[in-house]
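Read the structure below first, then the notes.
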Amino acid sequence: MLTFIIRRILWGILAMAIVIAITFLLFYLLPSANPAVLRGGRNASPATIAYISAELGLDKPIYTQFWDYVKNIVLHFDLGYSYYSSASVTGLIADRLPATISLAGGAIVVTLLAGIPVGIVSAIKRRTFFDRAAMGTALVFVSAPIYWLGLIALYLFAADIGRFRVFDGSGSYVALSTDPGRWFGSLILPWIVLAATLAAVYARVLRGSLIDVMGEDYIRTARAKGLRERRVIMRHGVRSAITPIVTLIGLDVGSLLGGAVLTESVFDIPGIGRLNYDAIAHSDFPIVQGTVLLAALFIIAANIVVDIAYAYLDPRVRPS
Amino acid sequence: MSPDTPPLLEVEDLRVEFPTEDGIVHAVDGISYAVGRGQTLGIVGESGSGKTVSSLTTIGLTRTQGARVSGQIRFEGRDLVGLSDDELRGIRGNDIAMIFQDPLSALHPFYRVGTQLVEAIRAHRDVPRKAARAEAVELLELVGMPDPKRRVDGYPHEFSGGMRQRAMIAMALANQPKLLIADEPTTALDVTVQAQILALLARLQRELEMAIIIITHDLGVVAEVADHIAVMYAGRIVESAPTTEIFRAPEHPYTWGLLRSIPSLDRDREEDLVPVSGRPPSLIHRPSGCHFHPRCPYSQPEHARIDPQIAPVPGRPGHGVACLLAASARERIWSELRRGRDAEDAAAAAGVKTSEVSSDAEPITATAAAAKESES
Chain A
12 MLTFIIRRIL WGILAMAIVI AITFLLFYLL PSANPAVLRG GRNASPATIA
62 YISAELGLDK PIYTQFWDYV KNIVLHFDLG YSYYSSASVT GLIADRLPAT
112 ISLAGGAIVV TLLAGIPVGI VSAIKRRTFF DRAAMGTALV FVSAPIYWLG
162 LIALYLFAAD IGRFRVFDGS GSYVALSTDP GRWFGSLILP WIVLAATLAA
212 VYARVLRGSL IDVMGEDYIR TARAKGLRER RVIMRHGVRS AITPIVTLIG
262 LDVGSLLGGA VLTESVFDIP GIGRLNYDAI AHSDFPIVQG TVLLAALFII
312 AANIVVDIAY AYLDPRVRPS
Chain B
158 MSPDTPPLLE VEDLRVEFPT EDGIVHAVDG ISYAVGRGQT LGIVGESGSG
208 KTVSSLTTIG LTRTQGARVS GQIRFEGRDL VGLSDDELRG IRGNDIAMIF
258 QDPLSALHPF YRVGTQLVEA IRAHRDVPRK AARAEAVELL ELVGMPDPKR
308 RVDGYPHEFS GGMRQRAMIA MALANQPKLL IADEPTTALD VTVQAQILAL
358 LARLQRELEM AIIIITHDLG VVAEVADHIA VMYAGRIVES APTTEIFRAP
408 EHPYTWGLLR SIPSLDRDRE EDLVPVSGRP PSLIHRPSGC HFHPRCPYSQ
458 PEHARIDPQI APVPGRPGHG VACLLAASAR ERIWSELRRG RDAEDAAAAA
508 GVKTSEVSSD AEPITATAAA AKESES
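The listed protein sequences correspond, in order, to chains A and B.
In terms of the working numbering, the first sequence has 115 at position 104, counting the first letter as 1, and numbering is strictly consecutive.
In terms of the working numbering, the second sequence has 422 at position 265, counting the first letter as 1, and numbering is strictly consecutive.
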């Protein structure tokens, strides 16, 4: 098991190295604009641009640039500086990360609390009114663009502009450390909106998976043993049917931590997604690069966790 | 079985129907049988003959599939058909246990064998976990599992086919059932392992004095272990007799077909195995008259109209058959068949006209029927 984990982590490091190389290629070799010009501001003189180029190391050979770039990331967690504010990208990310973690963590909790029970009940009460209503609603949530759902939610429930003013609206985010009560209140709507689309997927996947599992021979065996139906469903059915959900959780947590760009924008939450969005709008390459690397790191890490969780869940894939 | 003690299990006019979009699947169509304490009944038939559905119905497992059940299933005098789900649950795995064809798919892949055994024990008895675990080891020992103390912590995928079936049997025995239903218990196993499992079942039956219903498509399997055999075709029992009678003097043309399709060492090597021609009928649109007539080489025109009921064979206690041929004709045909004649010669010698059996007589017309039947 330990060698399996180590091997997975080594593969993860390799994947991360490849991502670093690709981002470097994309942002340094194929710039859509000369970074020195971007930094120089309006009407910069050629001398200024040359000076900035030298300062950013853009005049050095590419392999030297790449080496410096990798060295800074690996040794100093240094992702460079914003072309605009000159703030350290690592610092910016560290500032924004708590908001994104708050949004992602809460959204996953709400997703699981809603998606898993609905999926189970839909599978067990297949073709009933509940099942059809739940799956119909899920289809709407899966299909609807998330920014549209977010705007509808604000229109209906936001404390400032809503029809029914029950939850804090856009731009109300405060840090957990500032005021836990307001932090929670401000995140309720974004959590629900983000969870709606995710939970819809989870419910549908779990429903399908559980329906398949409930047809398995070992479910018949569990019933033949005289177990209570509840135990047959939960311990024997859901236990097997949950594995695809574990994959989904891993990937979703990974990508949410990389920044929920649309949700953060609609609700004006100062997270990684918002940072990334603003950076793209301003061609602020170091920040874009930093957020891309961060997202890749989270997704690769989530994949490793999923693989290990799988080995834990299913003894057949457990390396002996 | 002495006539004054009631049998352990008495099934009377049991009917199981599944409504589907294509029509009603008549999976079990009015069967009756009885099993005495400590006795073994073999139920033999092709897939789709209703043998599995009838047994699953006994322990209420077709209820969840939307089956419509009528008739009576009396276990120790108590009718199981009318019991509530919870009352039936109390009987399943406790008084009546069941084992299945493929022990790999029948055991939960994620749980240790010991955990699954403990669960079976604790489903019906309030035993502390530790004591239940000790019992689990004993059960594995009872079924001849090598190194049970270590194996109790193994996962099903780490076991061989034979060991898995032993584990299944151990689980079924967890609460000392009075009746064990074994559905094709050896079909998924190697021939040598088959013999071991059958010997194990026979030994356990003697030691634990339990009754067994063994369901199989293979007459060879039940020949050794069953006291009585019921042959099922298209949801009905077409012949029922003590095991020795079935092999010595079978009465139904379908039973003849089954017997002649078993390979055996003492058979002349020149002699061909004779398959039963045609395919099992659809259980939605069943053939008229005798359900077997489209595949029966001896069927007469009127057999397509008259539906035979199972009736005692004169002078043979315990032997019943549902066949429209005259008893004397059947006797002559079987004696000819036994001498190695083919169906046509045997019929001619017995003075019965043969009918053409087309190879795809009454193909299965509805996919739903096929789906339902694949469960048995």
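Beta carbons are placed, not taken as given, at the ideal position from N, Cα and C, and that holds for glycine.
Against chain A, a Cβ distance below 7 Å from ALA224/B picks out nothing, because the smallest value is about 14 Å.
Around the beta-carbon of LYS306/B, fewer than 16 other beta-carbon atoms lie within 10 Å, marking it exposed.
When secondary structure is reduced to three states using DSSP, PHE232/B falls in the strand class. Bounds of the alpha helix (DSSP H) holding HIS87/A are 73-87.
Distance between ALA263/B and SER133/A, taken at the CA atoms: about 25 Å.
Around LEU330/B, no beta-carbon contact reaches into chain A at under 7 Å, the shortest distance being about 12 Å. Distance check between ALA368/B and each of GLN353/B, ASP384/B and ILE441/B places ASP384/B closest, using alpha-carbon atoms only. DSSP, read as helix, strand or coil, puts ARG249/B in strand. The three-state secondary structure of TYR390/B, taken from DSSP, is strand.
When DSSP assignments are scanned along the stretch 125-167 of chain A, the uninterrupted stretches of alpha helix (DSSP H) that are 4 or more residues long and fall wholly within it turn out to be 140-154.
Listed along chain B, no residue sits closer than 9 Å to PRO330/A by beta-carbon distance, the nearest being about 13 Å off.
Cβ contact annotation for HIS247/A (same chain, cutoff 7 Å, sequence separation greater than five): TYR229, ILE230 and ALA233, in chain order. Separation of ALA500/B and GLY435/B (C-alpha to C-alpha, rounded to the nearest whole angstrom) is 15 Å. Interface flag for PRO255/A against chain B is unset, since no Cβ pair is found closer than 8 Å. Chain order gives the chain A residues near PRO266/B as TYR229, SER251, ASP325, PRO326 and ARG327, where near means a beta carbon separation below 8 Å. Using beta-carbon distances, HIS247/A counts as an interface residue toward chain B, with a partner under 8 Å. In this structure, the beta-carbon distance from HIS183/B to GLY392/B falls below 8 Å. Within chain A, not a single residue places a beta-carbon under 9 Å from that of SER456/B; the smallest gap is close to 37 Å.
Short of 7 Å from the beta carbon of MET320/B, and not among the five residues preceding or following it, lie these beta carbons of its own chain, in chain order: MET302.
Membership of ASP228/A in the alpha helix (DSSP H) is indicated by the continuous run 228-235.
The C-beta of LEU218/B comes closer than 8 Å to at least one C-beta of chain A. For HIS374/B, not one C-beta of chain A is nearer than 8 Å to its own C-beta. Excluding residues up to 5 positions away in sequence, ASP170 and ARG172 lie with their Cβ nearer than 6 Å to the Cβ of GLY187/B in the same chain. Counting along the chain, GLY180/B sits inside the beta strand (DSSP E) bounded by residues 180-192. Within chain A, the residues placing a beta-carbon under 8 Å from that of HIS281/B are GLY237, ordered along the chain. Within chain A, not a single residue places a beta-carbon under 9 Å from that of ALA505/B; the smallest gap is close to 48 Å. GLY199/B is the residue among TYR390/B, SER241/B, ALA224/B and GLY199/B whose C-alpha sits nearest the C-alpha of ILE370/B.
When CB distances to chain A are screened at a threshold of 9 Å, the residues of the stretch 226-249 of chain B falling below it are ASP242, ASP243, LEU245, ARG246, GLY247, ILE248 and ARG249, in chain order. Under the 8 Å criterion on CB atoms, PHE257/B is classed as interfacial with respect to chain A. Here ARG225/B is bridged, per DSSP, to GLU174/B. In this structure, DSSP gives PRO305/B a helical state, which the three-state scheme calls helix. In this structure, THR254/A lies near ASP325/A, with their beta-carbon atoms less than 8 Å apart.
Here the C-alpha atom of TYR94/A lies approximately 39 Å from the C-alpha atom of VAL212/A.
In summary, PHE140/A is exposed, with fewer than 16 beta-carbon neighbours lying within 10 Å of its beta-carbon over all protein chains present. Three or more Cβ pairs drawn from the stretch 248-265 of chain B and the stretch 336-352 of chain B lie within less than 8 Å of each other, which places the two stretches in contact.
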